[in-house]
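Everything below concerns the one structure shown next.
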Amino acid sequence: MSDPIVQAKGLHKSFTYQKRSKGLRSWLKADYATIEAVKKIDLTINPGETVAFVGPNGAGKSTTIKMLSGILAPTGGHIRVCGLDPLKQRRELSYKIGCVFGQRSQLLPNLPLRDSLELFGKMYDLDQATIDKRIEELSDIFALHSTIEQPVRQLSLGQRMRGEIAASLMHKPTIVFLDEPTIGLDVVAKRSLRETLNNLNKSEGTTIFLTSHDTGDIEALAERTIVIDHGTIIVDESTDHLRKKFLNKKHLQIDFATKPEKHALADVEIRIQGNTLNATIDMTKHDINEVLHALLKLGIVEDIQIQEESLEEVILSIYESTGKKDESAQ
Amino acid sequence: MKALNNFLTIYSMNVRQAWFHRRAATASVLSWAIRMGLTILLYAFIYQLRNGQAVNGIDFKIAASGMVLYAIVLGFGYRDLFKTINREFKSGSIEAWLNKPISYIQMKVAESFGKNIPVVFGLVGAAGLFWLLSGQFPLVDDIWLRLFAGVVLLGLGLAIATLLYALVGLSVVWLQEATPIYLILDKTIMIFGGAFIPIGFFPGIFRLIGESLPTGAAIYTTQIFYPDLFTNLPRFLATQILWLGILAYAVTVLSKAANRRLTVNGG
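Sequence lines, in order, name chains A and B.
Using my numbering, count along the first sequence one by one with no gaps and you end on 340.
Using my numbering, count along the second sequence one by one with no gaps and you end on 865.
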């Protein structure tokens, strides 16, 4: 097996800030407080993986991504990305990584998208022939042919985001860090971007490391999900396994021919509206067969649907299980 | 060589971008031209009161031309560097540029010069028009040699001013709010650059102190028509080279320290 593309051990980051204090004393002596943003986390990512790094606001996602990409200096710990120290070898590392921050633009707003791609190509020492070829390749992957000659400021948000990602891939990085890449995009643009990133991962073998609040991104893109909260990694599982492991609830909807009779199931959350019965079954407490058997006796069944929890609910239940729900809501 | 190539690439892209800012550039040229015109009118009034007599060896043509040169130098837009760094640090958009194979400061300098080049051309045109229509071009001795010296002083001066503004820009990483320092620097450069009063009018020791500061060294170009230019030129060049070395070192050290200290939202 090849060496990990990202290896972090005991990665730690704390910030100090000046506390506001009243009176003359604050003019003479400032009080400082420290925030532990990332607390000694260990992280290993292998080449070609697609990893989602999720967590509530302030959990430490962006701080981690910025340390891995050499933007922020860790307070402690050891990091290697593509075999390089991100802070000490930032320039060498820039040739191996691509970064996109969903809310920041690196494109030249008044010039056609092609010019920005050319600028990035030149910045990464590509010759003109290679730049032209790469622009063609990326235009195919990201469906940019119709927008490449348009000034960036005239692109839609979704088109611009595809352009941003394409610009960060001009130099064929081995890993791309995406911080909230689908933020603000509509459902169509999100789907298109997710498909594009999947294609990129398959066609070029690019490792994708993304942070997102959108569980749709995780489901569509990530083979592996890492959940961070309060600067600590609380879950690191394959996305499939994560769903299975934390999938404790099933939603059941039964349409009866007439209003169902009263039930005698303890601890099962049941709501009856007209002829429809909705039940949420906690699989850790009940056997689905027993619950179904009991419910089907309540009347003549016309239709039945069983739904699993969404990934969003799974992640929420992870936060809840670690007692962090209140903070995540802030 | 690679750094220079990157600089020129970013510069040329921003020159192309500048076309889209042509209205802002035109407004900038007009505002400078109006300011230049008003100051020159004030100078004319002072010289009229003195019956056209020179002040400290500086006649009206030289004083007016110093003002014209000052406007051209400021047209390069090095002051924008502080504003850009300050804005990008506060908004957090600095993070998009820190993982590129070119230094952030170098990139922003290239951007700033590229965007402002139309203003420089506009101001050179306005200056040419002023000299042509007013006939106030100081046809002093050794004019070509003076213009050559002016180009050298301008190049060094731009480098010094850029480093000064970059230094103040970087201080935002520690201070969070560096605008007061920027204003002090900016006004000092204006005073010693001749934005209000030609530096040739200053009393001897005051002039020497002003010229010895990096803020004064940044804008020696305004003195290329002064009678004592060649006497002062070796001192000017030495001062500029000295400050260039000190400031380049300071910016390098501060950039590295800023990298370690930087915080952007979300981290």
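Don't be surprised by glycine CBs; every beta carbon is placed ideally from N, CA and C.
Can you give the beta carbon distance from Pro183(A) to Thr216(A), rounded, assuming they're within the 8 Å contact cut? As a first step, residue 183(A) is located in the first sequence; it is residue number 173 there, counting from the start. As a first step, residue 216(A) is located in the first sequence; it is residue number 206 there, counting from the start. Going by Cβ atoms, the distance from Pro183(A) to Thr216(A) rounds to 7 Å, so yes, they are a contact pair.
Can you tell me the Cα-Cα spacing of Glu214(A) and Val91(A), whole angstroms? Taking the first sequence and counting its residues from 1, the one referred to as residue 214(A) is at position 204. Taking the first sequence and counting its residues from 1, the one referred to as residue 91(A) is at position 81. Rounded to whole angstroms, Glu214(A) to Val91(A) spans 19 Å at the Cα level.
Using only the alpha-carbon positions, how far apart do Leu768(B) and Ala855(B) sit? In the second sequence, residue 768(B) corresponds to position 170, counting from 1. In the second sequence, residue 855(B) corresponds to position 257, counting from 1. Taking the straight line joining both Cα atoms gives about 10 Å.
May I ask you to list the residues that DSSP assigns as paired with Ser24(A)? Here residue 24(A) corresponds to residue number 14 of the first sequence, with the count starting at 1. Under DSSP, the beta-bridge partners assigned to Ser24(A) are Glu46(A).
Step through the CB atoms of chain A and report whether any lies within less than 8 Å of the CB of Leu602(B). By one-based count along the second sequence, residue 602(B) stands at place 4. It does not; no Cβ of chain A falls within 8 Å.
Chain A contact for Phe618(B) (CB, 8 Å cutoff): To locate residue 618(B), count along the second sequence from 1; it is residue 20. For Phe618(B), the answer is yes, since a Cβ of chain A falls inside 8 Å of its Cβ.
When DSSP labels each residue in this structure, what does Tyr609(B) get in the three-state scheme? In the second sequence, residue 609(B) corresponds to position 11, counting from 1. Tyr609(B): helix per DSSP, three-state reduction.
Residues near Gly664(B) by beta carbon distance below 6 Å, same chain, minus five either side: Residue mapping note: residue 664(B) aligns to position 66 of the second sequence, counting from 1. Excluding sequence neighbours, Gly664(B) sits near Gly792, Pro796, Thr820.
Would you kindly work out how many angstroms separate the C-alpha atoms of Ile185(A) and Glu693(B), rounded to a whole number? The sequence position of residue 185(A) within the first sequence is 175, counting from 1. The sequence position of residue 693(B) within the second sequence is 95, counting from 1. Answer to the nearest angstrom: the Cα atoms are 17 Å apart.
Could you list which residues in chain A have their beta carbon closer than 7 Å to that of Lys539(B), in chain order? Nothing in the structure corresponds to residue 539(B), since chain B is present only between 599 and 865.
Inter-residue spacing [alpha-carbon to alpha-carbon] between Ile282(A) and Asn299(A): As a working note, residue 282(A) is residue 272 in the first sequence. As a working note, residue 299(A) is residue 289 in the first sequence. Near 20 Å, if we compare the C-alpha coordinates of Asn299(A) and Ile282(A).
Neighbour-count burial assignment, Asp739(B), 16 or more Cβ in a 10 Å radius: By 1-based counting over the second sequence, the position of residue 739(B) is 141. With fewer than 16 Cβ atoms within 10 Å of its Cβ, Asp739(B) is classed as exposed.
Is there a Cβ from chain B that is less than 8 Å from the Cβ of Phe25(A)? Residue 25(A) sits at position 15 when you count from the first residue of the first sequence. Answer yes: the Cβ-Cβ gap between Phe25(A) and chain B drops below 8 Å somewhere.
Just to confirm, is the Cβ distance from Leu123(A) to Leu167(A) under 8 Å? Locating residue 123(A) in the first sequence gives position 113, where the first residue counts as 1. Locating residue 167(A) in the first sequence gives position 157, where the first residue counts as 1. Taking 8 Å as the cut-off, the Cβ atoms of Leu123(A) and Leu167(A) do not count as close.
Nonlocal neighbours in the same chain, by C-beta distance under 7 Å from Gln169(A), ignoring five residues either side: Indexing the first sequence from 1 puts residue 169(A) at position 159. Hits under 7 Å: Thr157.
At the 8 Å Cβ level, is Thr777(B) part of the contact set with chain A, yes or no? In the second sequence, the residue the question calls residue 777(B) occupies position 179. Taking CB atoms only, Thr777(B) has no neighbour in chain A less than 8 Å away.
What are the residues in the stretch 829-842 of chain B lying within 7 Å of chain A by C-beta distance? none
Count the other CB atoms within 10 Å of the CB of Arg234(A); is the residue buried (16 or more) or exposed (fewer)? As a working note, residue 234(A) is residue 224 in the first sequence. The residue is buried, with at least 16 neighbouring Cβ atoms inside 10 Å.
Which residue from Leu38(A), Ala43(A), Arg172(A), Ala176(A) puts its Cα closest to that of Ile193(A)? To locate residue 193(A), count along the first sequence from 1; it is residue 183. Among Leu38(A), Ala43(A), Arg172(A), Ala176(A), the Cα nearest to that of Ile193(A) is on Arg172(A).
Closest Cβ-Cβ distance between Lys39(A) and chain B: below 8 Å? If you number the first sequence from 1, residue 39(A) lands on position 29. No, its Cβ sits nowhere closer than 8 Å to a Cβ of chain B.
Nearest to Gln651(B) by alpha carbon, out of Gly675(B), Phe799(B), Lys681(B)? Counted from its first residue, the second sequence places residue 651(B) at position 53. For the residues Gly675(B), Phe799(B), Lys681(B), the minimum Cα distance to Gln651(B) belongs to Phe799(B).
In terms of alpha-carbon separation, which member of Gln704(B), Phe674(B), Arg677(B) lies closest to Lys600(B)? Counted from its first residue, the second sequence places residue 600(B) at position 2. Answer by Cα proximity: Gln704(B).
What do you reckon, are the CB atoms on Ile741(B) and Ile787(B) nearer than 8 Å? Against the second sequence, residue 741(B) aligns to sequence position 143. Against the second sequence, residue 787(B) aligns to sequence position 189. Not in contact: Ile741(B) and Ile787(B) (Cβ atoms no closer than 8 Å).
Check each residue of the stretch 72-88 of chain A: if its Cβ is closer than 7 Å to any Cβ of chain B, include it; give the result in chain order. Ser72, Thr73, Lys76, Ser79, Gly80, Ile81, Leu82, Ala83
Assuming Phe152(A) contacts Phe187(A) under a Cβ cut-off of 8 Å, what Cβ separation, rounded to an integer in Å, is found between them? Within the first sequence, residue 152(A) is the residue found at index 142, counting from 1. Within the first sequence, residue 187(A) is the residue found at index 177, counting from 1. About 17 Å separates the two Cβ atoms, so there is no contact after all.
Jot down the residue ranges of each uninterrupted alpha helix (DSSP H) in the stretch 45-86 of chain A, minimum 4 residues, whole runs only, in chain order. 71-78
Buried or exposed by the 16-neighbour rule on C-beta atoms within 10 Å, applied to Thr268(A): The sequence position of residue 268(A) within the first sequence is 258, counting from 1. With fewer than 16 neighbouring CB atoms inside 10 Å of its own CB, Thr268(A) falls in the exposed class.
Closest Cβ-Cβ distance between Phe63(A) and chain B: below 8 Å? Locating residue 63(A) in the first sequence gives position 53, where the first residue counts as 1. Any Cβ of chain B closer than 8 Å to the Cβ of Phe63(A) would place that residue at the interface, and such an atom is absent.
Asp265(A) (DSSP reduced to helix, strand or coil): Position 255 of the first sequence, counting from 1, holds the residue named residue 265(A). Strand.
Taking Lys307(A) as the reference, which of Ala43(A), Lys272(A), Ile141(A) has the closest Cα? Within the first sequence, numbered from 1, the residue matching residue 307(A) stands at position 297. Nearest option by C-alpha distance: Lys272(A).
Which residues does DSSP pair with Ala725(B) in a beta bridge? As a first step, residue 725(B) is located in the second sequence; it is residue number 127 there, counting from the start. In the DSSP output, where bridge partners are listed per residue, Ala725(B) has none listed.
In its own chain, which residues sit with a C-beta less than 7 Å from the C-beta of Ile325(A), not counting the 5 before and 5 after it? Translated into the one-based positions of the first sequence, residue 325(A) becomes position 315. Excluding positions up to five away in sequence, the list reads Val64, Thr225, Val237.
Taking the beta carbon of Phe256(A) as the centre, do at least 16 other beta carbons fall within 10 Å, making it buried, or is it exposed? Here residue 256(A) refers to the residue found at position 246 of the first sequence. Of the residues assessed, Phe256(A) falls on the buried side of the cut-off, its CB having 16 or more other CB atoms within 10 angstroms.
Residue-chain proximity (Thr850(B), chain A), Cβ-Cβ < 8 Å: Taking the second sequence and counting its residues from 1, the one referred to as residue 850(B) is at position 252. Not one chain A Cβ lies under 8 Å of Thr850(B).
Tell me, please, which residues DSSP counts as bridged to Lys29(A). Position 19 of the first sequence, counting from 1, holds the residue named residue 29(A). Looking at the DSSP assignment, Lys29(A) forms a beta bridge with Asp41(A).
Could you check how far apart the C-beta atoms of Val110(A) and Ile55(A) are, in whole angstroms? I think they sit under 8 Å. Position 100 of the first sequence, counting from 1, holds the residue named residue 110(A). Position 45 of the first sequence, counting from 1, holds the residue named residue 55(A). So it is not a contact: roughly 17 Å between Cβ atoms.
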